[in-house]
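Here is the structure we will look at, set down as structure tokens.
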Amino acid sequence: MRLAFAVSLALASCAPSTESPAAAAAWFKEGAAEAGLVFEHVSGASGAYHFPEIMGGGVGLLDYDGDGKLDVYFVQSGSLDADPARAGNRLFRNLGDGRFEDCTERAGVGDRGYGMGCACGDYDGDGDTDLYVTNVGPNVLYENRGDGTFRDVTETAGVGHAGWGTSAAFLDYDGDGRLDLFVANYLEWSTEHELTCESANGRRDYCHPNHYSAPAPDVLYHNDGGGRFSDASEAMKISSAFGNGLGVVSADFDADGRSDIFVANDMRPNLLWLNRGERFEERAMLHGCALSGAGYAEAGMGVQAFDLEQDGDLDLLVSHMRHQKATLYRFEKGAFEDASAALGLALATRPYTGFGLGVCDFDGDGRLDIYLANGRVAQEPPFASALDRYAEENLLFTQAQDGRFVEVLPRGGVAPALVATSRGAAFGDLDLDGDLDIVVVNRDGRAHLLWNQVGRRENFLVFQVLERNGTLAVGAKVEVLAAGRKQSRRIDPAWSYCASNDPRAHFGLAGARAAERVSVRWSDGTSEDFGPRDAGRSWILRRGEGEPPGTPAALPVR
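Okay, so the sequence shown: first residue is 35 according to the numbering used here, each after it adds one.
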């Protein structure tokens, strides 16, 4: 049966797609070197095939200096040996004219651990964005001092978990106004207990995660205030189930005003933690998002939550390895269903291994598009590059009027197509023109900066959503009604893979000159109307400055 299933997967991966690619001018232009955003990831691969070498690295977008422009933080890997001279993480300041400068040493954020990803959030509520870095080994928390510098407060804060951290998210799970921290862990792993494995063609290669049989528990930290956290994993029941965690997204899946957590696991069932107040309850299997539609655990890497059909409930996209697919879990009638085939994604994504991803409106037509950053974890012909046996092209899909996704050509939206082993991808408006750009980290290669060429400023609305004290309103949902069509976005930068994204809400209005109505549902379930807003510019929506319309009562997930 296992052989028959493998053969069926191979045949499916070679089958032609029934969707016709949407050929058009390139949506993006690669311009990292010209912009001075020069970062080269180093995996430390030396022929020993240590498992972490195939999984890094991450990237974060944050306005660390409060000038209104998104800066870029790259998470470096390097050697797994304790080498103090190895390259560290890099922070690039956005100069605002399409250029960036390396300010790592001045800012003091050049951690030299074997890096995986990062999360950005104002954990101390002082109005400045702080930075959490996940590593193979102790993680690091940097407190933003507000003067362009950070300080390492890991020991004082108590968040330096020494496992194999991957994606992380700041969230306020108990509604006390302070950001807590969730960290996904991958495997219980060490160089001393590394395994020797081969690829399907008999070459020495990286092992499959299930060879280790060592899934790691994730960690939930409660923000106690005063710069300190406590481990709430056991008390909140997070330690009661675990897997090979790689992707994390926090969202209010049951619309009860509390932050829930979804974890994408690699070849183990995904986890959906519903927040019951006094504890979390794991419900992924019950609600249909633990396995694929065929009932198999897939290689979950990146993840994002979004409202695909603008029907008020949240859907999920999870990236997977080659011979599987990118799985779109559509929420229908109280449960998630695997809608990848129905929406045109199954055959088109099956030949690729996806990591970072973004479900965004890149062209401003009011419909969500999909970007997938790809790169293999095993050497398997045919190879896209003679120099890198793990390299693949990335993918871009646009949503047609019937809701199905169609691949955009040139492949990945860039001409010529870029071929690399892509990992973390972060999405944000780096040049303040309204549309979303992309930063992609490539294993053992230079990062890509993809400037959006297809969006037009007059087609977009951008919102910075703040609490009364001026901090980011993490967990809030912005709803826009424009030309009779409703759209919504969540305020939460933690999604994709080992990445942190633009914390602002971006809407494409498909040519409408204004939104007829803008409203915010805050993380506690209360709502405010903010009236109409003109397109083509950015707005600040602050709690308490709108008009309360009442509280919605939709409860789609139980």
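Where a beta carbon is used, it is the ideal one built from N, C-alpha and C, also for glycine.
Of 263, 303, 268, the smallest CA-CA separation from residue 280 is found for 303. In this chain, the beta strand (DSSP E) harbouring residue 519 covers 519 to 524.
Residue 249 carries a strand assignment under DSSP once its states are collapsed to helix, strand and coil.
For residue 560, there is no enclosing alpha helix (DSSP H), since its DSSP letter is neither H nor E. One thing to note: residue 569 has its Cβ no nearer than 8 Å to the Cβ of residue 486.
Assignment of residue 230 by DSSP, reduced to helix, strand and coil, places it in the coil class. For residue 540, the enclosing beta strand (DSSP E) starts and ends at 539 to 542. The criterion of a C-beta distance shorter than 8 Å is satisfied by residue 532 and residue 458. The DSSP-derived three-state label of residue 155 is strand. Between residue 152 and residue 538, the alpha-carbon positions lie close to 18 Å from each other. When C-beta atoms of the stretch 133 to 153 are compared with those of the stretch 100 to 112, three or more pairs fall below 8 Å, so the two segments count as touching. Following the DSSP letters along the chain, one finds residue 139 inside the alpha helix (DSSP H) bounded by residues 138 to 141. Closest option to residue 471, judged by alpha-carbon separation, among 221, 447, 453: 447. Check the Cα spacing between residue 95 and each of 463, 335, 467, 344: the tightest is with 463.
In the structure shown, residue 470 falls within a coil segment according to DSSP collapsed to helix, strand and coil.
Non-local C-beta neighbours of residue 387 in its own chain, meaning closer than 7 Å and more than five positions away in sequence, comprise 355, 356, 408, 409, 410, 411, 426, ordered along the chain. Per the coordinates, the alpha-carbon of residue 452 lies some 30 Å from the alpha-carbon of residue 165. Taking a cut-off of 8 Å for Cβ pairs, the stretch 276 to 290 and the stretch 324 to 336 touch, as three or more such pairs fall below it.
With respect to the C-alpha of residue 351, the residue from 292, 396, 294, 283 having the closest C-alpha is 283. By the criterion of a C-beta distance shorter than 6 Å, residue 435 is surrounded by no residue of its chain, once the five residues flanking it on both sides are discounted. Looking at the backbone, the Cα of residue 321 and that of residue 142 are separated by about 44 Å. Ranked by Cα distance from residue 365, the options 349, 246, 212 are led by 349.
Rounded to whole angstroms, residue 254 and residue 318 show a C-alpha spacing of 18 Å. Separation of the CB atoms of residue 544 and residue 398 is rounded to 7 Å, and the pair is thereby assigned contact status at 8 Å. For residue 68, no beta strand (DSSP E) encloses it; the enclosing alpha helix (DSSP H) starts and ends at 66 to 69. For the pair of segments examined, the stretch 165 to 179 was found not to touch the stretch 128 to 137: the number of CB pairs separated by less than 8 Å stays below three.
Secondary structure within the stretch 354 to 416: the alpha helix (DSSP H) runs of 4 or more consecutive residues, fully enclosed, are 380 to 383 (chain order). Within the stretch 437 to 516, the complete beta strand (DSSP E) segments of 3 residues or longer fall at 439 to 443, 456 to 462, 471 to 476, 482 to 486, 494 to 500, 511 to 516, listed in chain order.
Short of 7 Å from the beta carbon of residue 225, and not among the five residues preceding or following it, lie these beta carbons of its own chain, in chain order: 84, 114. Around the beta-carbon of residue 181, fewer than 16 other beta-carbon atoms lie within 10 Å, marking it exposed.
In the three-state reduction of the DSSP assignment, residue 303 falls in the coil class, being assigned neither a helical nor a strand state. Between residue 145 and residue 174, the C-beta gap is smaller than 8 Å, which places the two residues in contact. Judged by pairs of C-beta atoms under 8 Å, the stretch 502 to 514 does not touch the stretch 66 to 80, as fewer than three such pairs exist. Distance from the CA atom of residue 80 to the CA atom of residue 382, rounded to whole angstroms, is 34 Å. In this structure the stretch 511 to 529 touches the stretch 543 to 559; the number of beta carbon pairs closer than 8 Å is three or more. Judged by DSSP in its simplified three-state form, residue 256 adopts strand.
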